[in-house]
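The sequence shown lines up with residues 31 to 362 when you count with the numbering used here.
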Amino acid sequence: MKYAFIDSMGSLTYNNGIKIQAIMWKEGLEKLGEKVTLVNLWENIDFSNYDAVVIFAMGANIYKLVNNLSRINKNIVLAPIIDPDRSDKVYKFLFKYYGSTKLALSNHFHDMWTIKDKVKLWLVRSEQERHYVNYCLEIPQDRIAKVPLNYRVPNAGIIGKKEDFCLHVSRLDAPNKNVHRLIEASKRYGFKLKLAGHVFGEKERKDLLKLIGNSTNIEYLGELSEKRLLELYRSAKVFALPSLREGVGMAALEAAAYGCEIVLTNIGAPKEYYDGKAILVNPYSVDEIGKGIEKALNKGFSQPELKEFVESRYNPESICSLLNNCIKSHLK
């Protein structure tokens, strides 16, 4: 199989989740002997030479992209990456009614509705995302395939003694990551918290440091090398992801594979990945976040069973084989 991968969002940062997902799938498919091209739209590309064109996300140019591609190659696969922040009824209204291509009154929601019949297969990462594609876009179930995200880190092997701190890795200034409540929980309950990840600029970095204040139990580590990230996964006893909106939460999945107890938002799809083996908290409650992390630090919860579960369910080899087989079977 020859695959072409297109990022319809034109993501600017190297650590964007869409790019990471595409690169993970590329590497996994190539290990299976398939050929994958990360498309640079500045280049002159003959899309008719590919067995499948996989488009990631619903970017602003999705309407023209799919319409034009469908004239060249009918084997279009779409991974919409829907991380809902509204009800399914609101999303359905936005997709189905909020726009008119004839009047040039459109947006990326309604554009998806307009091109939906030109897509042969929809790839979703969770049952929640399956529901939104099925209900809101009225795509039949036989054109939807669930391919969970895999963790992208090397297998951890044997994990040694853990240290009593909570780790959080994300784009720290993103409002949906809910870092301000996590910081407040650390201040209120006194547990050691290490924050790592990208912030957009100097203003955002200063805002984060202001939130931390003079709390000696909270440490801001900045962006990490891959080596340092794996060291922290290996040493942290707990990883917390109390997001207000989250599609999967790849960093939490990686941390679970490295033996961390997981304290997780009870909102949305991430909890589907853990089969009851994560401590779920209301992300709007500082006390629930704090008590959940204290419980995980002091008593543990589901490790090492969680590590074994994640390694068996979400390893790159299994997930990319599933991906490859799903696409091949739908494009016959």
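Built from N, CA and C at the ideal position, the CB exists for glycine as well.
Query: Residue from T144, L202, D118 and V120 with nearest C-alpha to G129; Result: T144
Query: Rounded Cβ spacing between R264 and A186 (contact assumed at less than 8 Å); Result: 7 Å
Query: DSSP-derived helix/strand/coil call for H198; Result: strand
Query: As assigned by DSSP and simplified to three states, the class of T295; Result: strand
Query: Span separating the alpha-carbon of E60 from that of E261; Result: 28 Å
Query: E291 vs F339 beta-carbon contact at 9 Å; Result: no
Query: Segment contact flag, the region 271–278 with the region 188–207, C-beta cutoff 8 Å, min 3 pairs; Result: yes
Query: Inter-residue Cα distance where the pair is G252 and L68; Result: 29 Å
Query: Beta-carbon separation (whole angstroms), G277 vs D113, contact threshold 8 Å; Result: 4 Å
Query: Beta-ladder partner(s) of W152, from DSSP; Result: L108 and I174
Query: Close-in-space but distant-in-sequence residues of the same chain around V199 (CB under 6 Å, 5 per side omitted); Result: A226, G227 and A281
Query: Nearest-angstrom Cα separation, counted from I297 out to L108; Result: 25 Å
Query: Coil, strand or helix - G277 by DSSP; Result: coil
Query: Nearest to A299 (by Cα), restricted to the options Y344, N164 and R160; Result: R160
Query: Reduced DSSP category for V66 - H, G, I as helix; E, B as strand; rest coil; Result: strand
Query: Y127 versus M142, D115 and R116, residue with shortest Cα-Cα distance; Result: M142
Query: For A270: DSSP bridge partner residues; Result: V293
Query: Rounded separation between E232 and A52 - CA only; Result: 29 Å
Query: Rounded C-alpha distance that separates N247 from N97; Result: 54 Å
Query: Cα-Cα separation between K19 and F139, rounded to whole angstroms; Result: Summary: the structure shown does not reach residue 19, with the chain confined to residues 31 through 362, and so no result is reported for it.
Query: Close-in-space but distant-in-sequence residues of the same chain around V66 (CB under 7 Å, 5 per side omitted); Result: Y33, F35, K56, L59 and E60
Query: Whole alpha helix (DSSP H) elements within the region 108–148, 4-residue minimum; Result: 118–126 and 138–145
Query: Of the listed residues F195, L212 and D194, nearest to L382 (C-alpha basis); Result: This structure leaves residue 382 out entirely; the chain is present only between 31 and 362.
Query: Buried/exposed call for G284, threshold 16 Cβ in 10 Å; Result: Reading off the sequence shown, one finds Glu at residue 284, where the question assumed Gly. Buried is the call here.
Query: Three-state secondary structure assigned by DSSP to Y288; Result: coil
Query: Rounded straight-line distance, which links the Cα of K267 to that of F195; Result: 6 Å
Query: Distance, Y121 Cα to V293 Cα; Result: 28 Å
Query: Span of the alpha helix (DSSP H) around D76; Result: From DSSP, D76 is part of no alpha helix (DSSP H); its letter is neither H nor E.
Query: C-alpha distance - A308 paired with A286, whole-angstrom precision; Result: 9 Å
Query: Segments assigned alpha helix (DSSP H), at least 4 residues, entirely inside the region 204–251; Result: 209–219 and 232–242
Query: Close beta carbons around F230, own chain, < 6 Å, minus the five adjacent residues each side; Result: D203
Query: Best match in N354, K176 and K358 for proximity to Y303 [C-alpha to C-alpha]; Result: K176
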